[in-house]
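All remarks here apply to the structure that follows.
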Amino acid sequence: MSYSGTNSKPKILIVDDEDALRFGVKKLLEIEGYEVSTAANGTEGIALGTNEDYDLAIIDLKMPDIDGITVLKSIREKQPNTVCFIATAYASYDSAVQATKIGSHGYIPKPFSAEELLHHLKLGLEKRYLILESQKLKSDRENRLLELSFERSRLNTIINSIDDGVLVVNRDEQVVYFNSAALKYLNLHEIFLGESIKDILPVKIREIIGVHFFQSENRSYSEEVELLPEKKLFVLATSTKIYQHDGTLAGVVLVLKNISEFKRVEFIKSQFVSMVAHELKAPLAATIGFINLMTQKDIQLSEEQKYDFLSRSNSRLASLLSMVNDLLDISRIEMQTVVRELKPIFLKEVIWDVLHLFDIEIKNKNIQLSFNEEEVNPIIKGDLNEITRLFTNIISNSIKYNKQSGKILISIVELQHFTIIRIEDTGIGMKSNEKEKLFQDFFRAKNEYTKNIHGTGLGLAIVKRIVDSYNGTIDVETEYGSGTKFIIKLPLMKSEELSVYKNESEIAFEKMIGPNK
Numbered sequence: 002m003s004y005s006g007t008n009s010k011p012k013i014l015i016v017d018d019e020d021a022l023r024f025g026v027k028k029l030l031e032i033e034g035y036e037v038s039t040a041a042n043g044t045e046g047i048a049l050g051t052n053e054d055y056d057l058a059i060i061d062l063k064m065p066d067i068d069g070i071t072v073l074k075s076i077r078e079k080q081p082n083t084v085c086f087i088a089t090a091y092a093s094y095d096s097a098v099q100a101t102k103i104g105s106h107g108y109i110p111k112p113f114s115a116e117e118l119l120h121h122l123k124l125g126l127e128k129r130y131l132i133l134e135s136q137k138l139k140s141d142r143e144n145r146l147l148e149l150s151f152e153r154s155r156l157n158t159i160i161n162s163i164d165d166g167v168l169v170v171n172r173d174e175q176v177v178y179f180n181s182a183a184l185k186y187l188n189l190h191e192i193f194l195g196e197s198i199k200d201i202l203p204v205k206i207r208e209i210i211g212v213h214f215f216q217s218e219n220r221s222y223s224e225e226v227e228l229l230p231e232k233k234l235f236v237l238a239t240s241t242k243i244y245q246h247d248g249t250l251a252g253v254v255l256v257l258k259n260i261s262e263f264k265r266v267e268f269i270k271s272q273f274v275s276m277v278a279h280e281l282k283a284p285l286a287a288t289i290g291f292i293n294l295m296t297q298k299d300i301q302l303s304e305e306q307k308y309d310f311l312s313r314s315n316s317r318l319a320s321l322l323s324m325v326n327d328l329l330d331i332s333r334i335e336m337q338t339v340v341r342e343l344k345p346i347f348l349k350e351v352i353w354d355v356l357h358l359f360d361i362e363i364k365n366k367n368i369q370l371s372f373n374e375e376e377v378n379p380i381i382k383g384d385l386n387e388i389t390r391l392f393t394n395i396i397s398n399s400i401k402y403n404k405q406s407g408k409i410l411i412s413i414v415e416l417q418h419f420t421i422i423r424i425e426d427t428g429i430g431m432k433s434n435e436k437e438k439l440f441q442d443f444f445r446a447k448n449e450y451t452k453n454i455h456g457t458g459l460g461l462a463i464v465k466r467i468v469d470s471y472n473g474t475i476d477v478e479t480e481y482g483s484g485t486k487f488i489i490k491l492p493l494m495k496s497e498e499l500s501v502y503k504n505e506s507e508i509a510f511e512k513m514i515g516p517n518k
């Protein structure tokens, strides 16, 4: 299949300031049969991308001279048929919408694997093929868009295969073409060709189309619209004029792109910021209040009162620092900026090390500890700091929320390709509605037992993210007033991986001690 209009290889342009990534991707794609050109910065990218009609372009968002959005815009203006991707580790809702408006086919999140990259390119080439085929069909159309109805079977196959809704109206504001996605987004069972948009389309959509019949400016018009509030369906509606061969207006094409996921992420981000502000406000306000009391000259405080205020301030600030550290951990996990040192980890040793960290707390509460190891010591492939943090957070909860003279029961077993760790306490437990929110950011159960227990509400949220990142699972069994059991399931390290690691370790040891030692 030819994408560039000839029998040549598909042509790819890579614009990225990272030399290793640029050359690595070039080598990979050439092996896969692509013709690849590269640019080390935005300026070179614009020069190459505007002078030649590439099938695909992969553009880095952050570059030292010109950002990827500017490069994308320049290429799209000169070569509108080039299918462009933005590659970045800093994707945001705003940049996603901006790139989509300009014409980006999508995002390729960094770091990416060879399989992920090739999958995106395959989808991009399919779109490129659809664009070229669509243009070929357009060249055969009759002067009036209404006559397109006789060729809709040819066009349906192409346009119905894309996710975007497409609707075309003529200059009389009658529908002359639509695809199935347009019906879905507009919540319509059917549209009759020649039907007036005034009878079927929502007011906001009619306005986005109608603006072209009253303005002489030749430019696209885009606006975000909530079409189905009950389903939280948001679309980016973009309308563009269509002209006949003689330059007169033939009609308007409307494209509806589903941006519901972008809006959902934006809402979650806004909600998260609000929660962070609320959680930071309380300890700061309390500390400021204590300091104000201590610095007012007209208030005489005893040394005991001053010590009490300083002790409380220290406790609030320690809680604040713990929360900031937890937030940084969550951010690193979400952004995948943590540099992991993956190696064999003996889980039994990790759990014992964590338990020793809490020796004093366990003794102070007179907690009876039982660790049923069943003579196994499962080995997983992981980062020691992350796995230690995982069990530290869970065991810390089992101690904090336990009763005086309570129990903690830990068991660890192997089951086929997984290890299952159960950590059970005889503490406060949770109500059913609290259990559903357990792994949410900042959630802390509020009842008569927990009012004097301090925490950030982020510990178990971090646990869930760590477990998910290792393709594991975590379940909770709990009963209010009786206790809680956490069940963690993690994949065991494959025997062949362990053998390779042992061989590499032996070689490294021999190099370290020398041949004559």
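Numbering (our numbering), first residue to last: 2 to 518. Think of the CB as a built atom: it goes at the ideal place given N, C-alpha and C, for glycine as much as any other residue.
Relative to the C-alpha of residue i, which candidate in the options has its C-alpha closest?
i: SER316; options: TYR481, THR288, ASN293, ILE59; result: THR288
i: SER9; options: ALA48, TYR55, ASP173, GLY50; result: TYR55
i: LYS74; options: SER105, ALA88, GLU45, GLU53; result: SER105
i: PRO345; options: ILE192, LEU385, PRO112; result: LEU385
i: LYS63; options: THR51, GLY46, TYR471; result: GLY46
i: GLU362; options: PHE487, GLY482, GLY407, LEU343; result: GLY407
i: LEU126; options: VAL84, GLY25, LEU328, SER412; result: VAL84
i: ILE132; options: ASN403, ALA88, LEU57; result: LEU57
i: ALA182; options: ASN52, HIS121, THR158, ARG390; result: THR158
i: ALA286; options: THR389, GLY383, ARG313, ASP299; result: ARG313
i: GLY484; options: LEU493, LYS436, ILE475; result: LYS436
i: SER217; options: PHE235, TYR244, VAL167; result: TYR244
i: ILE475; options: GLU174, GLN175, THR420; result: THR420
i: THR101; options: LEU329, LEU257, ILE463, LYS382; result: LEU257
i: THR393; options: ASP20, VAL351, LYS364; result: VAL351
i: GLU329; options: ALA462, SER38, LEU311; result: The residue asked about is misnamed: residue 329 is Leu in this sequence, not Glu. Comparing Cα positions, the closest option is ALA462.
i: LEU358; options: SER371, PRO379, ARG390, PHE347; result: ARG390
i: ALA88; options: TYR471, ARG265, MET431, ILE15; result: ILE15
Check the C-beta distance from residue i over to residue j and give it rounded, since I have them as a contact under 8 Å.
i: ASN82; j: PRO65; result: That pair is no contact at about 29 Å.
i: ASN171; j: GLY248; result: Actually they are not in contact, since the Cβ atoms of ASN171 and GLY248 sit about 16 Å apart, beyond 8 Å.
i: SER1; j: ILE409; result: Residue 1 lies beyond the stretch modelled for the chain, which goes from 2 to 518, so this question has no answer here.
i: PHE440; j: LYS465; result: 4 Å
i: LEU343; j: GLU415; result: Contact doesn't hold; Cβ gap of about 20 Å is too wide.
What does the alpha-carbon distance come out to for the pair residue i and residue j?
i: ILE395; j: ARG423; result: 11 Å
i: ASN144; j: PHE86; result: In this predicted model, ASN144 has a pLDDT of only 46, less than 50, meaning its place in the structure is not dependable enough to derive any value.
i: ASN188; j: LEU229; result: 8 Å
i: ARG341; j: SER162; result: 40 Å
i: GLU376; j: ASP360; result: 23 Å
i: ASP17; j: ILE260; result: 27 Å
i: LEU499; j: ILE76; result: 48 Å
i: LYS79; j: GLU227; result: 32 Å
i: ILE198; j: GLU134; result: 28 Å
i: PHE487; j: ASN403; result: 14 Å
i: PRO11; j: LEU22; result: 20 Å
i: GLU196; j: LYS490; result: 58 Å
i: GLU267; j: TYR186; result: 21 Å
i: LYS242; j: LEU321; result: 55 Å
i: ILE566; j: LYS128; result: Residue 566 lies beyond the range of the chain shown here (2 to 518); nothing can be said about it.
i: GLN99; j: THR71; result: 11 Å
i: LYS282; j: ALA319; result: 14 Å
i: LEU113; j: GLU225; result: Going by the sequence as given, residue 113 is Phe instead of Leu. Whole-angstrom Cα-Cα distance: 30 Å.
i: ASN326; j: GLN417; result: 36 Å
i: ASP20; j: VAL468; result: 34 Å
i: LEU122; j: VAL26; result: 12 Å
i: LEU118; j: THR427; result: 49 Å
i: LEU302; j: PRO284; result: 22 Å
i: ASP68; j: THR39; result: 16 Å
i: ILE13; j: GLU36; result: 6 Å
Who are residue i's beta bridge partners in DSSP?
i: TYR178; result: VAL169
i: GLU415; result: THR420
i: PRO492; result: PHE419
i: ASP384; result: LEU343
i: GLU478; result: LYS486
i: ASP354; result: DSSP lists no partner for ASP354.
i: GLN306; result: Looking at the DSSP assignment, GLN306 forms no beta bridge with any residue, so it has no partner.
i: ASN369; result: The amino acid at residue 369 is misidentified as Asn; the sequence shows Gln. DSSP lists LYS408 as partners of GLN369.
i: THR51; result: None, per the DSSP bridge assignment.
i: VAL16; result: ALA40, ILE60
i: GLU425; result: LEU410, LYS486
i: SER197; result: GLN175
Checking contacts by CB at 9 Å: is residue i closer than that to chain C?
i: SER9; result: Included in the structure is just one protein chain, with no chain C present.
Inside the stretch 223-301 only - alpha helix (DSSP H) runs reaching at least 4 residues | 261-296
Write down every uninterrupted run of the alpha helix (DSSP H) in the stretch 62-142 whose length is 4 residues or greater and which is fully enclosed by it, in chain order.
-> 69-79, 94-103, 115-140
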